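Below: one structure, written as structure tokens.
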Amino acid sequence: MSDQEKAILPKVSVVVPIYNGENDLPDLINCLKSQTYPIEQVEYFLVDNASSDRTSTIIQNAAQNFPKIHYLAETKIQSSYAARNAGIRAATSEIIAFTDADCRPQPQWLTQLILPFQEPNIGIVAGEIIGLSGKTILEKYAEKQNVLSQKYTLQHPFCPYGQTANLAIRKEILAQIGLFRPYLTTGGDADICWRIQRETEWKIHFAPHAIVQHRHRSTLTEFQSQWRRYGKSNRYLHELYGINLMPNISRKEYIYTLSRWIVKEVPITSIKVILGQAKFIDLLNTPLGLLIKSSRFSGQQSAQLPETAKIIERLE
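One gets this note's numbering by counting positions in the sequence shown from 1 and adding 3 to each.
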């Protein structure tokens, strides 16, 4: 990057909420240290959200060895959005970037995420999220389906939004429309992007080369929990914005889909696997797809938006 290009890059505050992240933190911190963004133009706020492991110690040690890292704590509210608000309040930059503890920002991530802000009408930039290579069947399935990609959320039928695993927002906008809803436990990324687009003239932009890698869920319990959380998010956003709820799969449709998979898809795909025209994971597309729909609907049905989740904190 030339000196001229560096000169036009604004100061950025990177905020990372962390809950029991001791296993992820060493890799995350190395990724932050490896960023190509001018080091004098960036500060990193790692926010411990009442962890019970060694998260606090690891962050504080990192801050001593790398002054650009700052330790913060949010212990009153157990919510990643409350932790992000703590980071926003501490930030001294004109742009706030977000990622998560289980993400691995690539070296060019921050540079590519911030460059679109040179356009004066851009208020939100979403970078791409790709999966880290995994070994389990569930990880390979999620990787093949590209389930973490921003392309799905940016095409949301109600209004586009970017996931906070890879997102940047002008701080002046947050001063205008408010911060994250601190008591919301899921769906806060959609909420803040939608508030910005509905209440202001700022635009959202996709930066495909601003890449973070994210761990896929490796166990069935984690996999189902992930999709139940997405279902809860849908319920919360339905109550806040009136978006459509996901319909349930009827028993008849479920049996038909599973029977068709056993009778038709398994024999055909098995032959393709033997001939090298398909992979073993392709055999599981249908049952895992049904599991996703079932888990997501279950989460949607069990969720109820708390009154406190309607609170929007303000930047003072």
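Where a beta carbon is used, it is the ideal one built from N, C-alpha and C, also for glycine. Owing to the predicted nature of the structure, the values given are computational and were not obtained by experimental measurement.
Buried or exposed: Tyr259, going by 16 or more other Cβ atoms within 10 Å of its Cβ? exposed
Relative to the alpha-carbon of Lys235, which residue among Arg218, Leu243, Leu291, Ala306 has its alpha-carbon at the smallest distance? Ala306
For my contact list, Gln111 and His208 are in at a C-beta cut-off of 8 angstroms; report their separation, rounded to the angstrom. Contact doesn't hold; Cβ gap of about 17 angstroms is too wide.
What residue from Ile132, Leu278, Arg184 has the CA that sits closest to Val215's CA? Ile132
Could you give the C-beta distance for Leu35 and Pro108, rounded to a whole number, given that I count them as a contact under 8 angstroms? 7 angstroms
Assigned secondary structure, Pro270 (DSSP; H/G/I helix, E/B strand, else coil): In this structure, DSSP gives Pro270 a helical state, which the three-state scheme calls helix.
Could you tell me if Glu310 is buried or exposed, where buried requires 16 or more neighbouring beta carbons within 10 angstroms of its beta carbon? exposed
Inter-residue Cα distance where the pair is Asn247 and Phe69: 46 angstroms
Pop quiz: Ile42 and Asp51 are said to be a contact at Cβ under 8 angstroms. What is the actual Cβ separation, rounded to whole angstroms? Between Asp51 and Ile42 the Cβ distance is about 23 angstroms, and since that is not below 8 angstroms, they are no contact.
Selected residue, minimal CA-CA separation from Cys162, among Asp192, Asn288, Ala281: Asp192
Since Pro13 contacts Glu97 with CB under 8 angstroms, what's their CB separation in whole angstroms? Rounded, the Cβ-Cβ distance is 5 angstroms, consistent with contact.
Three Cβ pairs or more, each shorter than 8 angstroms: is that satisfied between the segment 225–234 and the segment 257–272? no
Looking only at its chain, what residues have a beta carbon closer than 6 angstroms to the beta carbon of Ile315, apart from the 5 residues adjacent to it on each side? Gly181, Arg184
Starting from the Cα of Asn64, find the closest Cα among Leu135, Ile32, Lys282, Ile91 and give me that residue. Minimum Cα distance to Asn64 is reached at Ile32.
With a Cβ-Cβ cutoff of 9 angstroms, do Gly165 and Tyr239 count as a contact? Not a contact, by the Cβ cut-off of 9 angstroms.
Does DSSP put Ile127 in a helix, a strand or coil? strand
Tell me Phe101's beta-bridge partners as DSSP assigns them. Val18, Leu170
With distances taken Cα to Cα, identify the nearest neighbour of Leu308 among Gly24, Gly245, Gly279, Trp264. The shortest CA-to-CA distance from Leu308 to any of Gly24, Gly245, Gly279, Trp264 is the one to Gly245.
Is the distance from the Cβ of Gly126 to the Cβ of Ile172 below 9 angstroms? Inclusion of Gly126 and Ile172 in the CB contact set at 9 angstroms is warranted, their separation being smaller than that value.
For Gly230, which of Asp30, Asn88, Ser16, Ile295 has the nearest alpha-carbon? A small correction: the amino acid at residue 230 is Trp; Gly does not occupy that position in the sequence shown. Comparing Cα-Cα distances from Trp230 to each of Asp30, Asn88, Ser16, Ile295, the minimum goes to Ile295.
Under the three-state reduction of DSSP, which class applies to Phe183: helix, strand or coil? Note: Phe183 maps to coil in three-state DSSP.
So what does DSSP say about Asp2, is it helix, strand or coil? Limits of the chain in this structure are 4 at one end and 319 at the other, which puts residue 2 out of reach.
Assuming contact is defined by CB atoms lying nearer than 9 angstroms, are His217 and Gly134 in contact in what I supplied? Their beta carbons are under 9 angstroms apart, which means His217 touches Gly134 by this criterion.
Find the nearest neighbour of Ala100 within the set Leu113, Trp264, Phe283, His219, judged by alpha-carbon distance. It is Leu113 whose Cα lies nearest to the Cα of Ala100.
Between Leu291 and Tyr257, how many whole angstroms is the CB-CB distance? I'm expecting something under 8 angstroms. In this structure Leu291 does not touch Tyr257 by the C-beta definition: roughly 14 angstroms separates them, more than the 8 angstroms allowed.
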